[in-house]
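Asks: Below are the structure tokens for one structure; questions will follow.
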Amino acid sequence: MHSTDVIILGAGAAGLMCAQLSARRGRRVLLLDHANKPGKKILMSGGGRCNFTNMYTEPANFLSHNPHFCKSALARYTQWDFIELVCKHGVPYHEKKLGQLFCDNKSSDILDMLLAECDEAGAELRMNTSIEQIEKTEAGYTLQTSAGPFACQSLVIATGGLSIPTLGATGFGYQVARQFGHELLPTRAGLVPFTITEPQLKALCTELSGTSLDCVASCNGTSFRENLLFTHRGLSGPAILQISSFWEAGDTVEINLLPDRDALEWLQGQQVERPNSELKTVLGEVFTRKLANLLAEQWFVSKPLKQYTPAELTQIAEKLSAWQVVPAGTEGYRTAEVTLGGVDTREVSSKTMESLKSPGLYFIGEVLDVSGHLGGFNFQWAWASANAAAQFV
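Right under this line is the structure:
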């Protein structure tokens, strides 16, 4: 039986980070993954440029049933620490809006950086290795795998959530948690597009597929200002992805299509200044002409502004500034960027990421009930939780 100090399951962002950091402490580290290549989600993230962290990372950017859990790890490994690592490797990057940091070139720069760190630190990586059985022993844990038996003192679960199964996501980490007595909080897709089935709205979305506009999306007391994207299946874009994490089936999402102006005041002003202009013409100056025409046709009766009564103008303004949408559902884990829920953090040490149920067992990254907003926050949680565990495994 091959024996080592630390075995990490999952060669994604959190697993690779934990492997190199714990190996630098002098620990013998073995990283195992069932996939054929490491870091597949890193490679596809950020449209192929990996939004690897966010300048404005704070605990408030993370969702969890235990909102204080992430504070310790994030304080001990900040966005500036990861940026320092990126700079050490000479990876060029740029800041986009809202503090999101992306590679100038491609996501493989971040993956190559992590693999180089693992290699330099002496962490061993084995791909194409499936885990068949895990048992607790007096000395730690034993694993039966497709590559033979292994033993370790510390076992780290960095297998991620259920999102994007085509990249190898499974519920394996949740199975391990259950095996060792952990509670799992209900999981569901987060940062995911909405699907629409109501015929008229579905037709509008299909007709406008590919059209994007600035908006504020709100649900259950939370709002995000970002772009909305119409798709042939429904609604997507950053604003929708963000608010989807706060949405539950049956909830109404309110969308303000005119976030920079008071819709009623603006319409009243236009009515005074240009009474003979048609509504679709006026809307065409703030939206695309196609969107303006479709809204004027499907939502309103387009006519010269002077012909609208005050009550009609008020109704138009309310529709534009507080469009009420009840999604049929989401596109699910197939396209979700994160999995909400997971291992209950009340049963995990916030300082070390160690199980409070089974000593020597650690959980890091997305397998825990911690998920970030859009824009690099989930990667920062991967780095921070990995660092926390790496100091103690």
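Numbering (the UniProt record's numbering), first residue to last: 1 to 393. Even glycine gets a Cβ: it sits at the ideal position worked out from N, Cα and C. On a predicted model such as this, the values are computed, not experimentally measured, just so you know.
Under DSSP, the alpha helix (DSSP H) around Gly269 begins and ends at which residues?
Replies: On the sequence shown, position 269 is the one that residue 269 refers to. Here the alpha helix (DSSP H) through Gly269 covers 263 to 273.
Asks: Excluding five sequence neighbours on each side, which residues of the same chain lie with their C-beta closer than 6 Å to the C-beta of Ser371?
Replies: For the purposes of this step, residue 371 is taken as residue 371 along the sequence shown, with counting starting at 1. So the qualifying residues of the chain are Leu63, Gly190, Val338, Leu340.
Asks: Report the rounded CA-to-CA distance for Arg274 versus Pro193, giving the unit in angstroms.
Replies: In the sequence shown, the residue the question calls residue 274 occupies position 274. In the sequence shown, the residue the question calls residue 193 occupies position 193. Looking at the two C-alpha atoms, the distance is approximately 39 Å.
Asks: Compare the beta carbon distance of Lys306 and Leu279 with 8 Å and say whether it is the shorter of the two.
Replies: Locating residue 306 in the sequence shown gives position 306, where the first residue counts as 1. Locating residue 279 in the sequence shown gives position 279, where the first residue counts as 1. For Lys306 and Leu279, no; Cβs fall outside 8 Å.
Asks: How big is the Cα-Cα spacing for Leu204 and Ile255?
Replies: As a working note, residue 204 is residue 204 in the sequence shown. As a working note, residue 255 is residue 255 in the sequence shown. Distance between the alpha carbons of Leu204 and Ile255: 15 Å.
Asks: At a cut-off of 7 Å, would you count Asp262 as near the ligand GDP, judging by its Cβ distance to the nearest heavy atom?
Replies: The model depicted lacks the ligand GDP and carries no ligand whatsoever.
Asks: What span of residues does the alpha helix (DSSP H) with Asn227 cover, start to end?
Replies: Start at 1 with the first residue of the sequence shown, and residue 227 comes out as number 227. Counting along the chain, Asn227 falls outside any alpha helix (DSSP H), though it belongs to the beta strand (DSSP E) covering 222 to 230.
Asks: Relative to the C-alpha of Ala14, which residue among Val325, Phe52, Leu264, Arg27 is closest?
Replies: Position 14 of the sequence shown, counted from the first residue, corresponds to residue 14. The candidate whose alpha carbon is nearest that of Ala14 is Phe52.
Asks: Comparing alpha-carbon positions, which option in Phe69, Arg49, Glu84 lies nearest Ser107?
Replies: On the sequence shown, residue 107 is found 107 positions in, with the first residue counted as 1. For the residues Phe69, Arg49, Glu84, the minimum Cα distance to Ser107 belongs to Arg49.
Asks: First and last residue of the alpha helix (DSSP H) that includes Arg76?
Replies: Position 76 of the sequence shown holds residue 76. Run containing Arg76: 71 to 76, per the alpha helix (DSSP H) assignment.
Asks: For residue 440, is the classification buried or exposed, using 16 other Cβ atoms within 10 angstroms of its Cβ as the cut-off for buried?
Replies: Given a span of 1 to 393 for the chain in the structure shown, any question on residue 440 remains unanswerable.
Asks: Which residue marks the beginning of the beta strand (DSSP E) containing Lys136, and which one marks its end?
Replies: Walking along the sequence shown from the start, residue 136 turns up at place 136. From DSSP, the beta strand (DSSP E) with Lys136 extends over 131 to 136.
Asks: Would you kindly report the start and end of the unbroken alpha helix (DSSP H) that includes Leu114?
Replies: Indexing the sequence shown from 1 puts residue 114 at position 114. Per DSSP, Leu114 belongs to the alpha helix (DSSP H) from 108 to 121.
Asks: Given this structure, state the Cα-to-Cα distance separating Tyr333 from Arg233, to the nearest angstrom.
Replies: By one-based count along the sequence shown, residue 333 stands at place 333. By one-based count along the sequence shown, residue 233 stands at place 233. Spanning the two alpha carbons is a distance of roughly 15 Å.
Asks: Keeping to the same chain, check which residues put their C-beta closer than 6 Å to that of Phe172; ignore five residues upstream and five downstream.
Replies: In the sequence shown, the residue the question calls residue 172 occupies position 172. Counting only Cβ-Cβ distances below 6 Å, and skipping sequence neighbours, we find Thr159.
Asks: If you compare alpha carbons, which of Val393, Phe392, Ala388 is closest to Ser72?
Replies: Here residue 72 corresponds to residue number 72 of the sequence shown, with the count starting at 1. The candidate whose alpha carbon is nearest that of Ser72 is Ala388.
Asks: With distances taken between CB atoms, is the gap from Phe82 to Gln380 smaller than 8 Å?
Replies: As a first step, residue 82 is located in the sequence shown; it is residue number 82 there, counting from the start. As a first step, residue 380 is located in the sequence shown; it is residue number 380 there, counting from the start. Contact flag set, yes.
Asks: Less than 8 Å between the beta carbons of Tyr141 and Ile131, yes or no?
Replies: Counted from its first residue, the sequence shown places residue 141 at position 141. Counted from its first residue, the sequence shown places residue 131 at position 131. Against a cut-off of 8 Å, the Cβ pair of Ile131 and Tyr141 comes out as no contact.
Asks: Would you list the one or two residues that DSSP bridges to residue 410?
Replies: Residue 410 falls outside the range modelled here, since the chain spans only 1 to 393, and no answer is possible.
Asks: Alpha carbon to alpha carbon, what distance is there between Thr330 and Glu297?
Replies: Here residue 297 is taken as the residue at index 297 of the sequence shown, counted from 1. Here residue 330 is taken as the residue at index 330 of the sequence shown, counted from 1. Cα to Cα, the separation comes out at about 27 Å.
Asks: Report yes if the CB atom of Leu366 is closer than 8 Å to the CB atom of Gly161, and no otherwise.
Replies: What you label residue 366 is simply residue 366 of the sequence shown in a count that begins at 1. What you label residue 161 is simply residue 161 of the sequence shown in a count that begins at 1. Per the sequence presented here, residue 366 reads as Glu, with Leu not at that position. The answer is yes: Cβ separation under 8 Å.
Asks: Whether or not the region 284 to 301 and the region 238 to 256 are in contact is what I'm after, with contact meaning three or more pairs of Cβ atoms, one per stretch, closer than 8 Å; do they touch?
Replies: Verdict: no, contact absent.
Asks: Work out the CA separation of Leu167 and His2 for me, nearest whole Å.
Replies: The residue labelled residue 2 in the question sits at position 2 within the sequence shown. The residue labelled residue 167 in the question sits at position 167 within the sequence shown. Rounded to the nearest angstrom, the two C-alpha atoms are 29 Å apart.
Asks: Do the region 200 to 220 and the region 262 to 277 make contact, defined as three or more Cβ pairs closer than 8 Å?
Replies: In short, these stretches do not touch, since the Cβ pair count stays below three.
Asks: Would you mind working out which of Met55, Ile316, Asp104 sits nearest Trp80, comparing C-alpha positions?
Replies: Looking up residue 80 in the sequence shown gives position 80. The option with the nearest alpha carbon to Trp80 is Met55.
Asks: As a quick exercise: from Leu283, Glu354, Lys351, pick the residue whose alpha carbon is nearest that of Ser321.
Replies: As a working note, residue 321 is residue 321 in the sequence shown. If we check each option's Cα against that of Ser321, Leu283 comes out closest.
Asks: Counting C-beta neighbours from all protein chains within 10 Å, is the total for Glu84 16 or more, i.e. buried, or is it exposed?
Replies: In the sequence shown, the residue the question calls residue 84 occupies position 84. Glu84 comes out exposed.
Asks: Thinking C-alpha only, which one of Pro59, Met127, Val156 is nearest Asp5?
Replies: Working through the sequence shown from its first residue, we reach residue 5 at position 5. Measuring from the Cα of Asp5, the nearest candidate turns out to be Val156.
Asks: Report back the beta-carbon spacing between Leu32 and Thr145 to the nearest angstrom; my notes put them in contact at under 8 Å.
Replies: Start at 1 with the first residue of the sequence shown, and residue 32 comes out as number 32. Start at 1 with the first residue of the sequence shown, and residue 145 comes out as number 145. Sure, about 7 Å apart at Cβ, within 8 Å.
Asks: For the beta strand (DSSP E) that contains residue 416, what are its first and last residues?
Replies: Limits of the chain in this structure are 1 at one end and 393 at the other, which puts residue 416 out of reach.
Asks: In angstroms with no decimal places, state the Cα-to-Cα distance between Thr231 and Cys215.
Replies: Residue mapping note: residue 231 aligns to position 231 of the sequence shown, counting from 1. Residue mapping note: residue 215 aligns to position 215 of the sequence shown, counting from 1. Using only the alpha carbons, I get a separation of about 16 Å.
Asks: So, using beta-carbon positions, are Ala123 and Val343 closer together than 8 Å?
Replies: Your numbering for residue 123 matches position 123 in the sequence shown. Your numbering for residue 343 matches position 343 in the sequence shown. Taking 8 Å as the Cβ cut-off, Ala123 and Val343 do not qualify as a contacting pair.
Asks: List, from N- to C-terminal side, the alpha helix (DSSP H) runs of 4 residues or more that fit wholly inside the UniProt domain "RsdA/BaiN/AoA(So)-like insert" (188 to 338).
Replies: Segments of the alpha helix (DSSP H) lying fully in the UniProt domain "RsdA/BaiN/AoA(So)-like insert" (188 to 338): 199 to 207, 238 to 244, 263 to 273, 279 to 283, 289 to 298, 310 to 321.
Asks: DSSP beta-bridge partners for Cys103?
Replies: As a first step, residue 103 must be located in the sequence shown, where it is residue number 103. BP columns for Cys103 point to Tyr93.
Asks: Would DSSP call Val86 helix, strand or coil?
Replies: Here residue 86 is taken as the residue at index 86 of the sequence shown, counted from 1. Of the three classes helix, strand and coil, the one that applies to Val86 here is helix, per DSSP.
Asks: Give the straight-line distance between the Cα atoms of Arg28 and Pro186, rounded to the nearest whole angstrom.
Replies: Reading the sequence shown from its first residue, position 28 is the one you call residue 28. Reading the sequence shown from its first residue, position 186 is the one you call residue 186. The straight-line gap from Cα to Cα measures roughly 35 Å.
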